[in-house]
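So the protein lines, in turn, are chains V and A. Here the UniProt record's numbering is used: the first residue of the first sequence is 1, the next is one more, and so on. Here the UniProt record's numbering is used: the first residue of the second sequence is 1, the next is one more, and so on. For each residue, glycine too, the CB sits at the ideal point set by N, CA and C. In this text the structure is predicted, and so the values were computed from the model without any measurement. The structure under discussion appears below in the form of structure tokens.
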Amino acid sequence: MDGIDLTVRAGTFHGIVGPNGAGKSTTIGMAVGLVVPDAGEITILGHDAVRDRAGARAVTGVLPDGLDLPERLTGAELLRYSAGLRGLSRAAAAERVTELIEVLGLTKAAATPLADCSTGNRKKVGLAQALLHAPRLLVLDEPFEAVDPVSAASIRRVLRRFVDSGGTVVLSTHSMMLVEQSCDDVTVIHQGRVVAAGTVAEVAGGIPLEDRFVELVGAETSGTDGLAWLVR
Amino acid sequence: MSTVAFTPARMRASMFQRSLREHPGPAVAGLCGLLAAGWLIRYGLYGDQHTLSILAGTWVLGWIVLPLMLGGGRGRVRPSHLRLEPVGILPAAFGLLAASAVGIGPLVSLIALVSLPVHAARHGPAAVVVAGLGALLLWLIGLIGSAFALEAIGHAGGPVGAIATGVFTGTVMGVFGSVWAVAPWITELLSGAPAHIVRWLPWFPGSWPLAAATGPSGRGLLVIAGLFVLVGVFALVYLALVRRTLVTGSSWRPRRSAAASASASLTATSTASPSSAAARRVPGGWWGRGPVWAVTGRELRTWGRHPLRLQYLAFAVVYGTLLAGLPMLANVDLLVPWAGVLTALWAAAMSAGLVGLDGTALWLPFTTPGGERAEVRGRGLAWLLLVTPIAVLLTVAAVLVAPATDPLAAIAVLPAVLGAGATVPVWVALLRVRPVPDPRHPTSADNPTDIISVLVASGAGLLTAAIPMALIIWGPDDLRWLAPVLGLAAGAAAWFGGLWLGDDRLANRSAEVLTAAGRRTRAPEAAIPLKWDADWYRENRATAWALVLLMAGWIPVVPQGLMVLVFDIGGGWIVASHFAGSARTGVAVAMVALGGAMLLTGLVLWGRRPQPVPAAT
């Protein structure tokens, strides 16, 4: 990262986009305490994320990308474990776990060891654990990767309801369509720095967001040269 | 067979050459194997036919099983590697077997089995040819069996395969560890197999090559045909495994019945009242209250399902029991009451790399308030809940088996070893994270524990056990009964010490631990200057102190402490030798404690040294 400065308005759906290796996951990791920044400040809903870790964690739900899960647990067991970590009562855990399994379509994954679950189901279980303790901020890294369109639509509705009720969602994604459809604000990160931020309409500047994104980060290759042997 | 079929063998040869260049391990193993093979050939020249048959068969069995726990799965060409290649199933299976034949195990085994035709030479040239053919077929059984075992059991054997592997390793290690007690039995076997064993040998394929070479020609033909059939069956089974992998993308991996579990667990509804009866039937089964019990529940479930954890536990129980029990063969029952203690000690040693097995799953507690503390306590508590009943049961059984042996020392030491074994390995596992390549589907060849972790984890148990032992050995006789209480206190102290160290590690280095757990390749090490660099030492005081303590800590432990206590050495620079009687012993014990504290502090400081910034990805 290179002195990143990022502000997310509370009560919004905020997308973080950037090319591979831009620093999206590192930014998210720093925000939730999984990566330690060399310097700087991170404040989450009034809590200093470095000095008041417990306060920041209590209001945050996290879905990281590419990290392992307790692979020998089933989806339902992971949720019960997560509920226990968060100190939920058994009754509250039972009610929330059952409802999340139903709403997110996790009936099969709930009874399957996570090591044997598909990537999409793992994402959904991960999302369920992030929602379980009713956080006020959801930080999601590539939440829709490998999730089927039907599940993705229902997850988007859940997240929109969460935002409408005052919650905040920060998600990183490569899908400009998702950002245009779902996000209020967007931040474009490139080479560890913020190169554009604002509402989706402001950042897009009247052209499709994908075109604007390519303008901002610059294409490394145009894809029009070389490979003559392929396109002869 | 097309030349494509030999591509896996060429790949394997390249990997093998590189591993020989990079690590001394395979070369050392090869040398040991060659020595053993040489001894077997020599035995074949002069020894008993039946015993040689048993040894040759056991060799082949060991070739099949040992790579499962000694890392033989690494550097192999696997069926899944060929899945996207345009190779037929038969050429693929042939190529994979050809690749399996490249390596130290197959080469050394082939040499060892030469002992069979060497033994048959006393019956004439025809017997040599028949025994040679039989040895070759036996070698093929080992080759295919080993390839099959590594693929099927190593990757998908599930709990049964894991426990079987642990039992086998524990047995081998236990027998080696008690070789002085087993030696008379081995000597008797080498001088000629007993009649009751010889009676069963015809059912043992290891005996068939020599039976064919030395028996009537009709029976010899039948026996060789039997070996051909066995090779054919093994080949067909391996072919089916390769076919399955190439077609479906996986060898067989038993999955839990999702539907059955789902119907049993998903009975609560979203509108269910939170009554206790309903709470017992919620998805995910029963979980204790609060973060520590959440981690404990996760750990206990993982212990029951993770193949490597099951393997380690089975190993600890079998190894500990055999070390204590096998000396009874030599009418020595002194060690019998220690079965529980030894099991707990090995269980602790084998738990010193468990964090690496879980990959980056630690992120969950790391994003939860108080999650780090719960992680350390939950892991320790789960280990205690798992190992304590086993260790207590073994101790009680041992006391019943050897009522004449005084069990006081073992009973006193047990709580000390349990206390240290529960939490110190957690700290060690957090300090030296060695992630497995694939935490979702680990193989029994993946072993994230290294020798330093094992030594520190078991050393902590021994150090804690030394406290009640010191009272029993050197204390007044009328206070010996207090030893179990002292053991309990020492165990509690070690428990809290381990918790403190684990907490400290996660409070200051949780992000570093997570990064290490996610690193599938070797972590970059902070460079230590090899010559005097005043600036470096000024900027890295803690690391410099760690180096000093780790180098100097051994002096009070070994020459000033243990050498005095065990060998009663003396000398001008040995502090304890300037005292006499219990004062001399006390000074030596204090030296061991001082050195232990220095080494421990050194390790803590070493764990806190600044790490180089990894290259951006």
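Neighbouring residues, chain A, relative to residue i (Cβ below 8 Å)
i	result
V:E180	Those do not exist, as V:E180 stays about 28 Å from chain A at its closest Cβ, beyond 8 Å.
V:P19	Within chain A, no residue comes near V:P19; the closest Cβ sits about 13 Å away, beyond 8 Å.
V:V62	W363, T367
Cutoff 6 Å; reference residue i; Cβ partners in own chain excluding five residues on either side
i	result
A:Y319	G170, M173, G174, W346
A:L463	G596
A:P274	A caution first: A:P274 carries a pLDDT of 44, below 50, which makes its placement in the model unreliable, though a value can still be read off. Excluding residues within five positions, none has a Cβ falling inside 6 Å.
V:S175	none
A:P307	A162
V:G105	S151
A:L506	E372
A:L381	T296
Listed by chain order, chain A residues near residue i by CB distance under 9 Å
i	result
V:L227	Under the 9 Å cutoff, chain A gives no residues; its nearest Cβ is about 21 Å from V:L227.
V:R136	Simply none; closest approach about 14 Å.
Spatially closest choice to residue i from the options, by CA coordinates
i	options	result
V:C183	V:T12, V:G87, V:L6, V:D2	V:T12
A:F176	A:P327, A:V589, A:G95	A:P327
A:L364	V:R161, V:E71, V:L171, V:T43	V:E71
A:L335	A:L329, A:A324, A:L342	A:A324
A:S100	A:A37, A:A13, A:L66, A:S80	A:A13
A:V233	A:G459, A:F6, A:L140, A:A490	A:L140
V:V179	V:A204, V:Q191, V:F162	V:A204
A:F366	V:T43, V:K24, V:R57	V:R57
V:V214	V:V231, V:A196, V:L227, V:L230	V:A196
A:R379	A:T302, A:N331, A:L45, A:L400	A:T302
A:A225	A:Y238, A:L31, A:S53, A:W208	A:W208
A:V102	A:L143, A:A112, A:D406, A:L222	A:L143
A:G134	A:H81, A:A56, A:V167	A:A56
A:A404	A:P415, A:T321, A:L594, A:D333	A:D333
A:V396	A:R199, A:I411, A:L603	A:I411
V:T7	V:R86, V:V188, V:L216, V:M177	V:V188
V:L69	V:R51, V:E95, V:K124, V:T107	V:K124
A:R83	A:W39, A:V129, A:V242, A:A121	A:V242
A:P442	A:L246, A:L501, A:D358	A:D358
Neighbourhood of residue i by C-beta, 7 Å cutoff - its chain only, sequence neighbours within 5 removed
i	result
A:V392	G340
A:L482	L471
A:W185	L329
V:E142	D65, S172, T173
A:V454	A349, A352
V:A49	A31, G33, I42, T43, A56
Chain-ordered chain A contacts of residue i [CB-CB under 7 Å]
i	result
V:A54	P369, G370
residue 320 of chain V	Here chain V comprises residues numbered 1 to 232, so residue 320 of chain V is not present and cannot be evaluated.
V:V36	A511
Chain V contact residues for residue i, given Cβ-Cβ distances below 7 Å
i	result
A:P439	D68, E71
A:A294	Y81, G84, L85
A:L514	L34
A:G353	Simply none; closest approach about 16 Å.
Residue burial classification, residue i (beta-carbon count within 10 angstroms, cutoff 16)
i	result
A:A259	Because A:A259 sits at a pLDDT of 41, beneath the cut-off of 50, its placement in the model cannot be relied upon, and the following sentence gives the value as read from the coordinates. Exposed, since its Cβ has fewer than 16 Cβ neighbours within 10 Å.
A:M591	buried
A:H119	buried
residue 619 of chain A	The requested residue 619 of chain A is not part of the displayed model; chain A covers only 1 to 617.
A:A92	buried
A:A583	exposed
V:G198	exposed
V:E41	exposed
V:T74	buried
A:A542	exposed
V:T168	buried
A:A126	exposed
residue 625 of chain A	In the structure as shown, chain A begins at 1 and stops at 617. Residue 625 of chain A is therefore absent and cannot be evaluated.
Contacts that residue i makes with chain V (C-beta to C-beta distance below 9 Å)
i	result
A:P291	G84, L85, R86, G87
A:W287	E77, R80, Y81, A83, G84, R90, A93
Chain-order list of residues whose beta-carbon lies under 8 Å from that of residue i (same chain, five-residue window excluded)
i	result
V:V59	I44, L45, H47, P135, R136, L137
Per-residue contacts from residue i into chain V (C-beta, under 8 Å)
i	result
A:H123	By Cβ distance, chain V contributes nothing, its closest Cβ being about 55 Å from A:H123, past 8 Å.
A:R301	R72, L73, E77
| message | I'd like the ranges of any beta strand (DSSP E) spanning at least 3 consecutive residues and lying wholly in the segment 184-217 of chain V. | response | Listed in chain order, they are 185-190, 193-199.
| task | Quick one: which unbroken alpha helix (DSSP H) runs of 4-plus residues sit fully inside the segment 87-145 of chain V? Chain order, please. | result | DSSP runs (the alpha helix (DSSP H)) wholly in the segment 87-145 of chain V: 90-103, 107-110, 119-131.
| Going along the chain, which unbroken runs of the alpha helix (DSSP H) with 4 or more residues stay wholly within the segment 168-220 of chain A? | Entirely contained in the segment 168-220 of chain A, the alpha helix (DSSP H) runs reaching 4 residues are, in chain order, 179-190, 195-198, 208-214.
| query | For the segment 458-527 of chain A, which segments carrying the alpha helix (DSSP H) assignment without a break, of at least 4 residues, lie completely within its bounds, in sequence order? | reply | Runs found: 483-518.
| request: Taking only runs that begin and end inside the segment 344-422 of chain A, name each unbroken alpha helix (DSSP H) of 4 or more residues, in chain order. | output: Runs of the alpha helix (DSSP H) inside the segment 344-422 of chain A: 354-357, 363-366, 371-401.
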